[in-house]
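One structure below.
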Amino acid sequence: MDSLADSMASVQVAEAGRASPAADTMAPPDDAQALPSEEERLLVHEMSRVPERIVLCVDVGDEMDSPWDLKGGKTLPRLTVVKKALQNFVQLKSWFSPRHSFALCSLTDEAEWLLDFTSDAEMVQNMLEGLHVQHGCDAAFDLGKLFTALQKHCPPPPTPTATSPPDAIVRVILLYGRSAAVPRVPPAEERPPLLSHPCFYLDALYVHAHPNEEVEGQPNECQGAYDALHAAISGGATATAYLCEQIHNARMLGRHLTLLLAHGAQRQPRDVLGRHVYYNADPAAAAAGGERGASQPPQARPAGEGSPQRRSSTSPPAERMQQQQE
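Be aware that the sequence shown starts at 1, since it is given in full-length UniProt numbering, and climbs by one per residue.
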């Protein structure tokens, strides 16, 4: 489990009050669009200085009790690995700025709001430690229930401007772990207005069964679930929503979370970031399409793009995940 902390602590990210990594270390994309206006740049600058209110939404359904294989022949329940990774994430974000606050929501058959926003990192970590798998949950979670809970507990602030920035931005990290069925996603017109607010960021980490494994005696639906999660985070006001997926690899899970350490207003669109940062020291391998070398998490997409099944450099779970186990 030490590899989780090592992976996350070794990554330096820009934070509130520092220069954006986009300005210092990342070359512009080949297909760069028109430069933002001065007002837009000022707004981004002001938003990057405000604290973040981060909601950790953790699936505690039956499949989170599945074993994850670790180095040395050890196994741990999937939820245990996830809790440790999120505890490290909370600790690092609190080190960056004590103004950040965290809330906790668990996913059973409902979206249960367990902890309101607090800057007490130790309290958040203790609440995470107290999460346990709830057996008998529906295989297909209704994401509409999560959206409703978020709208209730995270009312959107007034639309920000360069001269009137928000007091904070809201970030949601959805950690989903069900492969037996495709989650239900409400149509765009039925989603609450929070999801399209410019100060709202929704990311998803999908930890799932191996594509060749049966779940509850049936072929699993990990690709369909991935597509549904992609649809759920697409169409928002921001172009930096990340969707990553992983099976049985604690170190890669930690690396995915490092991408979410950076302040939401400072992040590059996911496809741009993937061209310039590498998960190992072999950029040539990444340029050649090596799965382990590419920094772009295997199923990462900026919100609003097409089906993940059409990607050329990152294939669907069934084709790619066999190469990522340790």
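Cβ atoms here follow ideal geometry from the backbone N, Cα and C, with glycine treated the same way.
None of the values given here were measured: they were computed from a predicted structure.
Might you give, ordered along the chain, the residues of its own chain that have their beta carbon closer than 6 Å to the beta carbon of residue i, omitting 5 neighbours on each side?
i	result
residue 135	62
residue 51	99, 100, 168
residue 87	125, 128
residue 116	103
residue 224	182
residue 171	52, 54, 201, 264
residue 192	147, 151
Pull the bridge partners of residue i from the DSSP assignment, please.
i	result
residue 102	54, 118
residue 253	Note: residue 253 sits in no beta bridge, so no partner.
residue 205	175, 244
residue 151	The partner list for residue 151 (beta bridge, DSSP) is empty, contrary to what the question assumes.
residue 59	107
residue 214	219
residue 142	184
residue 170	53, 200
residue 75	69
Which first and last residues belong to the alpha helix (DSSP H) in which residue i is found?
i	result
residue 225	222-233
Between which two residues does the beta strand (DSSP E) carrying residue i extend?
i	result
residue 159	Segment: none, residue 159 is in no beta strand (DSSP E) and carries neither H nor E.
residue 85	First-last for residue 85: 78-96, but that is the alpha helix (DSSP H), not the beta strand (DSSP E).
residue 69	67-69
So, for residue i: in the same chain, excluding its five sequence neighbours on each side, which residues have a beta-carbon less than 7 Å away from its beta-carbon?
i	result
residue 194	150, 151, 154, 156, 200
residue 17	The pLDDT assigned to residue 17 is 38, lower than 50, so where the model puts this residue is not dependable, and the model offers no usable value.
residue 110	145
residue 114	104, 105, 106, 127
residue 185	143, 228, 231, 232
residue 112	105, 106
residue 32	Since pLDDT at residue 32 reaches only 46, below the 50 mark, its modelled position is unreliable, and no value is offered.
residue 90	102, 121, 124, 125
residue 213	220
Excluding the 5 residues flanking residue i on each side, which residues of the same chain have their C-beta closer than 8 Å to its C-beta?
i	result
residue 82	58, 64, 175, 177, 207, 253
residue 159	197, 198
residue 108	60, 61, 134, 137
Three or more C-beta pairs closer than 8 Å, one from the stretch 147-161 and one from the stretch 46-57: is that the case here?
yes
The stretch 98-117 touching the stretch 209-223, judged by at least three CB pairs closer than 8 Å
no
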